[in-house]
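Residue numbers (the working numbering), protein chains in the order written: chain A, 182 to 575; chain B, 5 to 377. Below is one structure, written out as structure tokens; comments come after it.
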């Protein structure tokens, strides 16, 4: 009896403490949120982070990342001038993609491939015209592969230019190419003009919001620990949930506002179509913000040190969401282990949802799974953050 | 003076390496990132889904479809579509990247010597991949057309043709890893140098220890040098380690001169350390320093030619890439790893780094002195 009693008392006490810890008092949350808001408005850098930085980044993504080839220096070697070669050179010169340098010998131009002074070389051989008259002639395309991605683009564009030239020329010669030809009519859905910017910008919003989310929250808890103000909070009766909610709400409102501004700017200024519905966009963004801000709060609570938190934020905030989110680099093309890894990184789901919302519309088969997975991420991150939060001094 | 700087350098090293968390953050993640991102950074299309909407019942249509089945590396999933509704659904849900639509009269038209039209429907949400895949499908169809035309024994009526024969220099198999590893080497050493420098002053300012430094006999210039040296050393060593990893583990060729790379990396890191200290002396708090680091890092990577070529950048912001040190370093790395260039080819990429380094270091020193009040 007497041995049991303290045990019973203890469990009751822990239960009560547990209830206390899980209770959320609106008044406390709001008070903390208000204090946090004052802090946001006092340091202008938070407002710059939320409203100026995203738009600058949007501009950089919109204008800086593009696969539409722009004026690449290439060389053409004409070993034996004829009407055929001058026509081909003219076709290359006439295309807006290439800046053409001409020479008679390959020795003159080949060394320029080193160092990228020219990135590709078209060689029209000595016997080109003779072989053309006989039926078909080879054209050699040389590209510098040190940038494999660009090399592939250049080859594609060169082939297109040469092919177009061949079609036009045979029509002019009164011999329209008929047999042995299948016309290909490419039609791009969701983005009929194949505008690289319309495809990049919606996805880049995901990268931008990941960045903003981590910058905003990765320091908020660590800062309190470092400045010693955390101890004042510990002395109060605030619970873990109240504490985290109080930290979360102001930044959530700020982040959502930033998100809407960025979305509006991309539609109004960059003329990206928006075919989905705005309430869905707000809903998905709210879930993603819970993930991005949750990540920041997690970094902050786990490190408790602004220096380490900042370094961690710099590492996880930008490059992973840029490279592994399907934004520019296709996830499907990556090796299996990396593909599996991308499944545990939230940005890819937001990129997919945003792209669909902007360009295709409310396709529930895409948006619902993406949102559900993001909800799971949010739940896991918040759970971890709450566990890591210690409201006691060691 | 050297003694004072030496002591400060030791203190700064301790500040980075004493804390296990901070030690971890500076050393391990860059190497992990090198592994993960080098495999990730490719514009190739592999394992894509392809929808086939074949309305043609004839033999030639089936033969064309078979061609798409025979490239499983590019198209690992072939989704047959029976009607337009299937096509719409396959594209909407992103199960396929493109749909090839073979029309009803395809076989008949091709046999009778007319030119039938094959429609390719592409998912414009993934415009990059769509563009690559369009070219790929075009090549498959063109080859098919040519071969089916040949068999018809009408070679004589055919107009002359040009056949493009492509050869790639420096990276014969267009291995994406070979060009992403050297580029990432630049990006990640940049990140490390920035991680260490951009916070160094802001942190002391916030902790209040900066005032202690000021009342010490150290002059502002000496404090700056003391802050710069450890960051530089850490990033430089990390860079060397990455070269080693690239060559031994990734099997990237290293065809140029190591000495040249070492020299270029030296100037580059001076520029980055300058930028980091510049951010650091401007920032009042660590959050501002974080903001500053991102404000530099995002454009630096986007406009470096790492993901898409520098020539594609919109003319209005191309000047930013001209002052982006990372752009030069990415080009230098790719050159030295793969092309074995003459120093006279590399130096034009190194020279722009010198004024950038001078400007950032001098202005950081100036800012440093003027923000003391």
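Just so you know, even glycine gets a beta-carbon here, dropped at the ideal spot from N, CA and C.
Which runs of the beta strand (DSSP E) fall wholly inside the stretch 319-396 of chain A and span at least 3 residues, in chain order?
Restricting attention to beta strand (DSSP E) runs no shorter than 3 residues, the stretch 319-396 of chain A encloses them at 364-370, ordered along the chain.
Kindly give me the distance between the Cβ atoms of residue 444(A) and residue 425(A), rounded to whole angstroms, as I take these residues to be in contact under 8 angstroms.
In this structure residue 444(A) is not in contact with residue 425(A), their Cβ atoms being roughly 27 angstroms apart against a cut-off of 8 angstroms.
At least one CB of chain B closer than 7 angstroms to the CB of residue 359(A): is that the case?
Here the model assigns residue 359(A) a pLDDT of 47, short of 50, so the residue's position is not dependable and the matter cannot be decided.
Answer with buried or exposed for residue 348(B), where buried requires no fewer than 16 other C-beta atoms within 10 angstroms of its C-beta.
The residue is exposed, with fewer than 16 neighbouring Cβ atoms inside 10 Å.
Rounded to whole angstroms, what is the Cα-Cα separation between residue 387(A) and residue 69(B)?
Approximately 37 angstroms between the Cα atoms of the pair.
May I have the straight-line CA-CA distance separating residue 433(A) from residue 467(A), to the nearest angstrom?
If you take the alpha carbons of residue 433(A) and residue 467(A), they lie about 8 angstroms apart.
What's the C-alpha gap between residue 81(B) and residue 58(B)?
A direct Cα-Cα distance of roughly 16 angstroms separates residue 81(B) from residue 58(B).
Alpha helix (DSSP H) segments (min. 4 residues) lying fully within the stretch 457-531 of chain A
For the stretch 457-531 of chain A, whole alpha helix (DSSP H) runs of length 4 or above, ordered along the chain, are 459-484, 487-498, 500-504 and 517-523.
What residue range is occupied by the uninterrupted alpha helix (DSSP H) comprising residue 273(A)?
Its alpha helix (DSSP H) spans residues 264-275.
Measuring only between beta-carbons, confirm whether residue 91(B) sits less than 7 angstroms from chain A.
With a threshold of 7 angstroms between beta carbons, residue 91(B) makes no contact with chain A.
Within the same chain, show all residues whose beta-carbon is closer than 7 angstroms to that of residue 293(A), passing over the 5 residues directly before and after it, in chain order.
Only 256 and 299 meet the Cβ criterion.
May I ask which residues mark the beginning and end of the beta strand (DSSP E) holding residue 318(B)?
Boundaries cannot be given for residue 318(B), as no beta strand (DSSP E) includes it and DSSP labels it neither H nor E.
Determine, for residue 454(A), whether the minimum Cβ-Cβ distance to residues of chain B falls below 7 angstroms.
By the rule that beta-carbons nearer than 7 angstroms mark a contact, residue 454(A) does not touch chain B.
Note down, in chain order, each residue of its chain lying with its Cβ closer than 8 angstroms to the Cβ of residue 128(B), except the 5 sequence neighbours on either side.
Around residue 128(B), the same chain offers 134 as residues with beta carbons nearer than 8 angstroms, after the five sequence neighbours per side are excluded.
Within 8 angstroms, do at least three Cβ pairs link the stretch 388-398 of chain A to the stretch 498-515 of chain A?
Judged by Cβ distances under 8 angstroms, the stretch 498-515 of chain A makes contact with the stretch 388-398 of chain A, as three or more pairs qualify.
Determine, using beta carbons only, whether residue 440(A) comes closer than 7 angstroms to chain B.
For residue 440(A), the answer is no, since every Cβ of chain B falls outside 7 angstroms of its Cβ.
Contact list for the stretch 92-107 of chain B against chain A, Cβ threshold 7 angstroms:
For the stretch 92-107 of chain B, the set of residues with a beta-carbon nearer than 7 angstroms to any beta-carbon of chain A comprises 95, 96, 97 and 98, in chain order.
Among 371(A), 534(A) and 418(A), nearest to residue 465(A) - alpha-carbon criterion
For residue 465(A), the closest alpha carbon among the candidates 371(A), 534(A) and 418(A) is that of 534(A).
Beta-carbon spacing of residue 293(B), residue 203(B) below 7 angstroms
In terms of Cβ geometry, residue 293(B) and residue 203(B) form a close pair [threshold 7 angstroms].
Using the beta-carbon count (16 or more within 10 Å), is residue 219(A) buried or exposed?
Counting Cβ neighbours within 10 Å, residue 219(A) comes out exposed, since fewer than 16 surround it.
Inter-residue spacing [alpha-carbon to alpha-carbon] between residue 406(A) and residue 188(B)
Rounded to whole angstroms, residue 406(A) to residue 188(B) spans 35 angstroms at the Cα level.
For a minimum of 4 consecutive residues, which ranges assigned as the alpha helix (DSSP H) are wholly contained in the stretch 79-117 of chain B?
As far as the stretch 79-117 of chain B is concerned, its whole alpha helix (DSSP H) runs of at least 4 residues are 88-96 and 110-115.
Going by beta carbon distance, what residues of the same chain come within less than 7 angstroms of residue 259(A), once the five residues before and after it are set aside?
Hits under 7 angstroms: 266, 270, 283, 285 and 305.
Quick check: the Cα distance between residue 295(A) and residue 325(A), rounded to an integer number of angstroms?
The alpha-carbon of residue 295(A) is positioned some 8 angstroms away from that of residue 325(A).
So does the stretch 114-132 of chain B actually touch the stretch 72-79 of chain B, counting three or more Cβ pairs closer than 8 angstroms?
No contact exists between the stretch 114-132 of chain B and the stretch 72-79 of chain B.
Length of the line joining the Cα atoms of residue 117(B) and residue 110(B)
Straight through space, the alpha carbons of residue 110(B) and residue 117(B) are spaced by roughly 11 angstroms.
Output needed for residue 213(A): all residues of its chain with C-beta closer than 6 angstroms, excluding positions within five of it in sequence on either side, in chain order.
Only 427 meet the Cβ criterion.
Assign residue 307(A) to one of two classes, buried (16 or more other C-beta atoms within 10 Å of its C-beta) or exposed (fewer than that).
Here residue 307(A) is exposed, its C-beta having fewer than 16 other C-beta atoms within 10 Å.
What separation, rounded to the nearest whole angstrom, lies between the Cα atoms of residue 476(A) and residue 486(A)?
Whole-angstrom Cα-Cα distance: 15 angstroms.
Within the chosen definition, does the stretch 254-267 of chain B reach the stretch 297-314 of chain B through at least 3 CB pairs nearer than 8 angstroms?
Contact between the stretch 254-267 of chain B and the stretch 297-314 of chain B is absent, because fewer than three Cβ pairs lie under 8 angstroms.
Determine the direct distance from the alpha carbon of residue 242(B) to that of residue 316(B), and round the result to whole angstroms.
Taking the straight line joining both Cα atoms gives about 31 angstroms.
So which residues of chain B does residue 444(A) contact, with C-beta pairs closer than 7 angstroms?
From the beta-carbon of residue 444(A), no residue of chain B is found nearer than 7 angstroms; the closest lies around 16 angstroms away.
Provide the residue(s) that pair with residue 123(B) in DSSP beta bridges, ordered along the chain.
DSSP lists 366(A) and 105(B) as the bridge partner or partners of residue 123(B).
As a quick exercise: from 404(A), 431(A), 496(A) and 542(A), pick the residue whose alpha carbon is nearest that of residue 481(A).
Residue 481(A) has its Cα closest to that of 404(A), out of 404(A), 431(A), 496(A) and 542(A).
What are the residues in the stretch 392-413 of chain A lying within 7 angstroms of chain B by C-beta distance?
Residues of the stretch 392-413 of chain A with a Cβ closer than 7 angstroms to any Cβ of chain B, in chain order: 392, 396 and 400.
Determine, using beta carbons only, whether residue 275(B) comes closer than 7 angstroms to chain A.
Taking Cβ atoms only, chain A never reaches closer than 7 angstroms to residue 275(B), which makes this a no.
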